[in-house]
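Peer 1: Line by line, the protein sequences are chains A and B. By my numbering, the letter at position 226 of the first sequence is numbered 226, and the numbering carries on one by one without gaps. To convert, count from 1 in the second sequence and add 1000; that's my numbering.
Number of protein chains: 2
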Amino acid sequence: MNIYDVSHKAGVSIATVSRVLNGNPNVSPKTRQKVLDVMQELGYTPNVFARGLGLNTMKTIGILCLDSSDPFLANAVYYLEQNLRKYGYDIILCCTGYDLKNKQKYLDLLLSKRVDAVILVGSSFLEPQRKDNTYLFQAAASVPVIIINGYINHPNIYCALCDDAQAVFDATTKLIENGRTNILYLYHSKSYSGQQKLSGYKEAILSAGLKLDENLMLLCKNDMHQTKEAITEAAANGVKFDAVIAAEDLLAVGAIKYAKQAGLKIPKDLAVIGYNNSLLSSCCEPELTTIDNHIETISITAVNTLMRVFSGNDVPNRTTISNDLVERGTTDFAKNEI
Amino acid sequence: MNIYDVSHKAGVSIATVSRVLNGNPNVSPKTRQKVLDVMQELGYTPNVFARGLGLNTMKTIGILCLDSSDPFLANAVYYLEQNLRKYGYDIILCCTGYDLKNKQKYLDLLLSKRVDAVILVGSSFLEPQRKDNTYLFQAAASVPVIIINGYINHPNIYCALCDDAQAVFDATTKLIENGRTNILYLYHSKSYSGQQKLSGYKEAILSAGLKLDENLMLLCKNDMHQTKEAITEAAANGVKFDAVIAAEDLLAVGAIKYAKQAGLKIPKDLAVIGYNNSLLSSCCEPELTTIDNHIETISITAVNTLMRVFSGNDVPNRTTISNDLVERGTTDFAKNEI
DNA sequence: AATCATTTTGTAAGTGCTTTCAAATTTTAC
DNA sequence: GTAAAATTTGAAAGCACTTACAAAATGATT
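If you want it as structure tokens, here you go:
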């Protein structure tokens, strides 16, 4: 079953069938309808490979993601898929893990599959050393590259992100205004957005005239129980704190578990703020105050950006999305609502 | 840059290059190495479309999933991706939502992309009426179809699943032996596995000589807060219960929230058991006792099954994976450990 | 009705690979 | 050293589509 069968049955040439297939306007309405009817009747589907050979595109976007089982990343992948599909694009999903070699390998693989663009979910695809990002630059030489939650300056790399530094700055400042003076910061990644968040924390501390304390910046594993243990150990070593702000909801849950174990009341003895507003944040007890970085909006923006790039428009390399603090049970900010 | 460039530079024919590309053994070691060297030097990557045209396969598996942002389904997708990649397969991910029309549409789309197989993540792809599954049978006519957590009898449809009925039966029975007599069952889906779980619950109640009470089987929305409300309403209507067993961890979290609101102590006043052993289960307070259906093992089994089908082996149509009860803080079973 | 412009259609040459079959080369056996 | 067998190689015909270009059909203009 191929284009010849359709052309025979419709009594036209394969060129005409192909034109109908591709929405070419140079086909008279009569013939177009006739061809469409035959296609319908025969249940004809064009062969994507032959099509790809001619067009050199398959309307497919490659998505690179550290680990699609992480609730936050899974959300991003979901929103990307839904929105790309609206424009008729499929996604090929690759979960790379943290290893740089693997990231490179999968990126090459996507390019060899002739994807039309690559979307990187998570700033951990940006290596700290700029020279280690050459693999991205190479990819960007052949297709547009979109980074979710990261920023790097390059003509064919487009970034959609939340101002993480500002978000953490605001939240930290709010804790300080709330009377908290020893704020423990939990993070597990030194990725671009990880650094942004950390710098937001530091800025807030310094702006408030407080002193930065290295002991209050705790590098954790991405696991709630291990995070609990890490905090327990820090506390045992004499680190004092009356609030926690975490770079991920998961870490914040670890802090809640620590408080429970240490017999601390939340939020009275310990205030906790998470990040991402994931499912976890409304699952724990008390429910978690968290920064919502609007991942759905970021994903939609990324897709829209890509579509504009495809249509040859000039597109800014960076789009920043707003964020907000979702207040739940782990903080007791005065209600200053108007 | 194509196969001709390589063949010229290596001084061989394109047929030889193609053989090297496909690991055909009928190439002398010398020429093979020469060709490989040239490929390396030129940075040659074969064009997947041309390749697909000839081979009519692209080493790509289509994955159909209701909603990849659901923690449980996201996990399954992740494990599938990781294991398929070991065999050199890519995945195209489609999130369909509940609408049957959409499921059909995406399945057609995957077939038109000439995927080598389709994996359906979740038994919600099995419609209650057998005739509504013709779309699956049609797909199965052209490629192998794998269903995760569902079962239907068809020669080209392979199923990897946990014995959900048995799992719920065992857990319910354990609650009864623990002295609980009014067990509330929460579910949100009437999919194949949903029905299995429900039947396991019913069997357990009846086997124990208790009476089935329709009021104790609560159909909820897939949302923890709405579940809490649903339970609250049931309680207000006079439904009494001293234990909850839920078809999903998310619903169980709703039950924990209800207990908190109603001032009930867990597990003393109310025991709770969830399903899936997802991240949520160790996130809530107390941590959730839950049925682990070993989704990683199921996913690996599904992939292995598929590979065996590809290699033309005879493969059983159904593989059942064991499950176990992970006891955490929401139950107080006597510790009968040996 | 004849000419020209415009729209519509068809022919044929790619697109980059796989694979069959025959030819060339190498190995083995005597 | 030669014939037969086995291995290695290449020429050429697909695979199912796109698209440039030429040809045909239609419509407009006088």
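The beta carbon of each residue, even a glycine, is placed where N, CA and C say it ideally should be.
Tell me the rounded alpha-carbon separation between Q1226 (chain B) and Y78 (chain A).
Peer 2: Rounded to whole angstroms, Q1226 (chain B) to Y78 (chain A) spans 23 Å at the Cα level.
Peer 1: Taking V1253 (chain B) as the query, report the chain A residues whose CB atoms sit under 8 Å from its CB, ordered along the chain.
Peer 2: Going along chain A in sequence order, the residues near V1253 (chain B) (Cβ under 8 Å) are C283.
Peer 1: Assuming the contact rule is C-beta atoms closer than 8 Å, V1143 (chain B) and L1107 (chain B) should be a hit. Round their C-beta distance to whole Å, please.
Peer 2: No, V1143 (chain B) and L1107 (chain B) are not in contact; Cβ-Cβ is about 10 Å, not under 8 Å.
Peer 1: Counting only beta-carbon separations shorter than 8 Å, does Q82 (chain A) have a partner in chain B?
Peer 2: Interface residue, yes.
Peer 1: Determine which residues share a DSSP beta bridge with M217 (chain A) and list them.
Peer 2: BP columns for M217 (chain A) point to A:Y185.
Peer 1: Quick check on the DSSP output: what are the complete alpha helix (DSSP H) runs of length 4 or more inside the segment 104-190 of chain A, in order along the chain?
Peer 2: Within the segment 104-190 of chain A, the complete alpha helix (DSSP H) runs of at least 4 residues are 134-142, 164-177.
Peer 1: Could you please give me the residues that DSSP links to A246 (chain A) through a beta bridge?
Peer 2: Its beta-bridge partners are A:L186.
Peer 1: Only counting runs of 3 or more residues, tell me where the beta strand (DSSP E) segments fall wholly within the segment 1245-1289 of chain B, in order along the chain.
Peer 2: The segment 1245-1289 of chain B contains these whole beta strand (DSSP E) runs: 1271-1275.
Peer 1: Express the C-alpha separation of V1048 (chain B) and R114 (chain A) in angstroms, rounding to a whole number.
Peer 2: Cα to Cα, the separation comes out at about 7 Å.
Peer 1: Measure the beta-carbon distance from A1243 (chain B) to K1197 (chain B) and round it to whole angstroms, keeping in mind my assumption that it falls under 8 Å.
Peer 2: Wrong, their Cβ atoms sit about 15 Å apart, outside the cutoff.
Peer 1: Using the C-alpha atoms, what's the distance from I152 (chain A) back to R1180 (chain B)?
Peer 2: Each residue's alpha carbon lies about 59 Å from the other.
Peer 1: Listed in chain order, which residues of the segment 52-71 of chain A have Cβ atoms closer than 7 Å to some Cβ of chain B?
Peer 2: From the segment 52-71 of chain A, only G52, L53, D67, S68, S69, P71 have a Cβ closer than 7 Å to chain B.
Peer 1: Mind checking if I266 (chain A) is an interface residue toward chain B, Cβ cutoff 8 Å exclusive?
Peer 2: Not an interface residue.
Peer 1: To which residues of the same chain is I338 (chain A) closer than 8 Å at the C-beta, ignoring the five residues directly before and after it?
Peer 2: Model confidence at I338 (chain A) stands at a pLDDT of 40, short of 50, so the residue's coordinates are unreliable; what they give is reported in the following sentence. No residues qualify anywhere along the chain.
Peer 1: List the endpoints of the continuous beta strand (DSSP E) containing T1319 (chain B).
Peer 2: Where T1319 (chain B) is concerned, the enclosing beta strand (DSSP E) stretches over 1318-1321.
Peer 1: Tell me the residue span of the beta strand (DSSP E) that contains D90 (chain A).
Peer 2: Looking at the DSSP string, the run of the beta strand (DSSP E) that includes D90 (chain A) is 90-95.
Peer 1: Give me, in chain order, the residues of the same chain whose beta-carbon lies closer than 8 Å to that of I1092 (chain B); leave out the 5 immediate sequence neighbours on both sides.
Peer 2: Cβ within range, chain order: T1060, I1061, G1062, I1063, L1110, K1113, V1115.
Peer 1: Following the continuous alpha helix (DSSP H) through L1073 (chain B), name the residue where it begins and the one where it ends.
Peer 2: Unbroken alpha helix (DSSP H) run through L1073 (chain B): 1071-1086.
Peer 1: Give a yes or no on whether 8 Å exceeds the smallest Cβ distance from I1091 (chain B) to chain A.
Peer 2: So, interface residue.
Peer 1: Taking only beta-carbon positions, decide if R114 (chain A) is within less than 8 Å of chain B.
Peer 2: Yes, R114 (chain A) counts as interfacial toward chain B.
Peer 1: Using a Cβ cut-off of 9 Å, pull out every chain B residue sitting near Y4 (chain A), in sequence order please.
Peer 2: Chain B residues near Y4 (chain A): none, gap ~15 Å exceeds 9 Å.
Peer 1: Could you please tell me which residues of the segment 1193-1226 of chain B, in chain order, have their CB closer than 9 Å to any CB of chain A?
Peer 2: Residues M1224, H1225.
Peer 1: For E337 (chain A), name the three-state secondary structure that DSSP assigns.
Peer 2: Summary for E337 (chain A): the model assigns pLDDT 41, below 50, so the residue's position carries little reliability; its value from the coordinates is reported in the next sentence. Three-state result, E337 (chain A): coil.
Peer 1: Can you tell me whether A1236 (chain B) is buried or exposed, with buried defined as 16 or more other CB within 10 angstroms of its CB?
Peer 2: Flag for A1236 (chain B) reads exposed.
Peer 1: Please compile the residues from chain B whose C-beta is within a distance smaller than 8 Å of the C-beta of A302 (chain A).
Peer 2: Under the 8 Å cutoff, chain B gives no residues; its nearest Cβ is about 16 Å from A302 (chain A).
Peer 1: According to DSSP, what are the bridge partners of A64 (chain A)?
Peer 2: Just to set this straight, residue 64 (chain A) is Leu in the shown sequence, not Ala. DSSP output for L64 (chain A) lists A:C94, A:L120 as bridge partner(s).
Peer 1: Rounded to whole angstroms, how far is the Cβ of G274 (chain A) from the Cβ of L288 (chain A), which I believe are closer than 8 Å?
Peer 2: Sure, about 5 Å apart at Cβ, within 8 Å.
Peer 1: Between which residues of its own chain and Y1098 (chain B) is the CB-CB distance below 8 Å, once the five residues before and five after are set aside?
Peer 2: Excluding positions up to five away in sequence, the list reads L1066, S1124.
Peer 1: Check D1292 (chain B) in the structure and name its three-state DSSP category.
Peer 2: Residue state, collapsed to three classes: strand.
Peer 1: Got a sec? Which residues, its chain only, sit under 6 Å from C1094 (chain B) by beta carbon, not counting five neighbours each side?
Peer 2: The answer, listed in chain order, is L1064, Y1106.
Peer 1: Taking the C-alpha atoms as reference points, what is the distance between I205 (chain A) and T172 (chain A)?
Peer 2: If you take the alpha carbons of I205 (chain A) and T172 (chain A), they lie about 7 Å apart.
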